[in-house]
Amino acid sequence: MATWHHTPLSVYHVRPPPRKAVVRLADLPMAEEQRLQEGHRLCANNCGFFGSPATLDLCSKCYRDLRLKEDNAASAKVAVERSLSPPPSASASALSLSSPSAASSLPSGTTAGPLVAAADTAKRPSRCLSCRRKVGLMGFRCRCGETFCGEHRYPERHSCIFDYKAAGRDSIALANPLVKADKLRKI
Numbered sequence: 012m013a014t015w016h017h018t019p020l021s022v023y024h025v026r027p028p029p030r031k032a033v034v035r036l037a038d039l040p041m042a043e044e045q046r047l048q049e050g051h052r053l054c055a056n057n058c059g060f061f062g063s064p065a066t067l068d069l070c071s072k073c074y075r076d077l078r079l080k081e082d083n084a085a086s087a088k089v090a091v092e093r094s095l096s097p098p099p100s101a102s103a104s105a106l107s108l109s110s111p112s113a114a115s116s117l118p119s120g121t122t123a124g125p126l127v128a129a130a131d132t133a134k135r136p137s138r139c140l141s142c143r144r145k146v147g148l149m150g151f152r153c154r155c156g157e158t159f160c161g162e163h164r165y166p167e168r169h170s171c172i173f174d175y176k177a178a179g180r181d182s183i184a185l186a187n188p189l190v191k192a193d194k195l196r197k198i
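The sequence shown begins at 12 in the working numbering and counts up by one.
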């Protein structure tokens with residue numbers, strides 16, 4: 012039979028863990044209070060994340076979104092300013108409309124040329140050049156300048172007139188310039 016030893020509680024006396032002190036901001040010096048507040052500021056957009064003074068009290072995502080909006084607004088402002096200032100050709104056409112004598116001095120082809128070029132670039136072929144199949148938005152533009160379907164998009168499938176070999180040689184020549192050493196006379 013086993014005998015149980017009875018040990019006094021003083022041997023096993025364990026101190027309870029110290030309670031966390033509640034820090035009151037009113038009891039701290041001003042510098043200490045500011046340090047505590049800087050570390051844990053919620054985002055100014057109330058998204059739930061923490062912000063920092065470096066990012067205008069915004070979290071990283073809200074700050075990035077703010078920067079994108081500012082950049083877009085700045086680029087839109089520049090675009091509006093450009094559109095408000097009349098281009099040189101528009102001022103010439105406005106001048107021709109205002110006085111008939113100025114209209115007779117300007118050649119008639121100068122105003123019609125840009126309009127025709129703009130109409131050609133806006134019109135995109137919607138059919139394959141080889142099989143005349145409708146391609147829509149998924150048409151493949153070849154280097155020869157034509158639009159093809161998925162079956163005829165490869166150069167060997169539509170008898171392409173673009174010289175890929177010469178284009179490759181030119182790109183290699185541009186990327187790797189020829190380096191020659193100076194000729195030395197041997198002694």
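From the three backbone atoms N, C-alpha and C, an ideal C-beta is built for every residue, glycine too.
- Pairing Asp76 with Ala85, the inter-Cα distance amounts to about 14 Å.
- With contacts defined as CB atoms closer than 8 Å, Ser141 and His169 qualify as a contacting pair.
- Spanning the alpha carbons of Asp181 and Lys145 requires a straight line of approximately 35 Å.
- Under the DSSP assignment, Gly179 falls in the alpha helix (DSSP H) whose first and last residues are Tyr175 to Ala186.
- In this chain, the alpha helix (DSSP H) harbouring Lys88 covers Ser71 to Leu95.
- A Cβ-Cβ separation of about 5 Å places Cys171 in contact with Cys155 under the 8 Å criterion.
- Arg138 has Lys145 as its beta-bridge partners, per DSSP.
- In terms of CA proximity to Arg164, Arg152 leads the group Arg152, Asp174 and Tyr175.
- Residue pairing by DSSP puts Gly62 in a beta bridge opposite Arg52.
- CA-CA distance, Asn57 to Ala65, rounds to 17 Å.
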